[in-house]
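Heads up, the thing below is written out as structure tokens.
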Amino acid sequence: LLLCFQDYGRSFAFGLGHEPFEAACCKEKRCFMTDDRNIIPLKEFDAILVHFRNIKKIKIPKERLRYQRWIFYEGESPLYSSKTPQYYEGFFNWTMTYRKDSDIVASYGKIYKKTDFAIEDLNSSENISYTLNFLMKTKNKMVSWFVSNCNTPSKRREYVWELQKFISVSSECLHF
């Protein structure tokens, strides 16, 4: 049983209840996800996923029960966190972030292979070069940039401006 403390995207596009687990072919038949904090007492949940951005809205117990998994979730850089995670050091026993060393890796997007262009179908470097050259001639932009936070301490926007001096970059800042 998983309780999800998350304000936006409430279920991480996975879904609430038992059905999403069935659809994902989960072998465990007791899996259930909810965002209803009052459905049962907190001590009865097996896992509690906390979006760190919302941590001030949640009454975190002084100690976690040894059988529970408290999952620290943050999709943004630590520079955007409202309170430092060190304050809760030792409390959360799993992490869910964009980092590859997290217990649960939660990246913002996925990369899918185009079905009409499969490198493994090309059996020589000559074919690969010819095909890539052909594809590049049909493109008018070299880079596409999708980002939710343009003005960052890391100066990512300035990096793209510099990059645009050398190659064509299509970019938009999306404010959610």
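Residues 1082 to 1257 (the numbering used here) make up the sequence shown, in order.
We treat Cβ as the ideally placed atom computed from N, Cα and C, and that holds for glycine.
For clarity, every value in this text was computed on a predicted model and none was experimentally measured.
Bounds of any beta strand (DSSP E) do not take in E1157, whose DSSP letter is neither H nor E. Beta-bridge pairing by DSSP links R1150 to A1128. For R1237, the enclosing alpha helix (DSSP H) has its first and last residue at 1237 to 1244. When Cβ pairs closer than 8 Å are counted between the two stretches, the segment 1153 to 1162 is seen to touch the segment 1229 to 1240, the count reaching three or more. Between C1085 and the set T1115, C1106, E1100, the nearest pair of CA atoms involves T1115.
Beta-bridge partners assigned by DSSP to T1115: L1084. A Cβ-Cβ distance of about 7 Å is found for the pair I1185 and I1152, placing them in contact under the 8 Å criterion. Judged by DSSP secondary structure, P1101 falls within the alpha helix (DSSP H) whose first and last residues are 1100 to 1104.
Counting of Cβ neighbours within 10 angstroms places Y1154 among the buried residues, the total reaching 16 or more.
Excluding the 5 residues flanking it on each side, H1099 has same chain C-beta neighbours closer than 7 Å at C1112, F1113, in chain order. Shown here, I1141 sits in coil according to DSSP, grouped into three states, outside any helix or strand. A straight line joining the alpha-carbon of K1110 with that of Q1149 spans about 18 Å. Going by C-alpha positions, R1180 is about 35 Å away from K1218. A straight-line Cα-Cα distance of about 23 Å links E1170 and R1118.
Distance between P1101 and K1108, taken at the CA atoms: about 12 Å. Between the alpha carbons of S1183 and R1134 lies a gap of roughly 17 Å.
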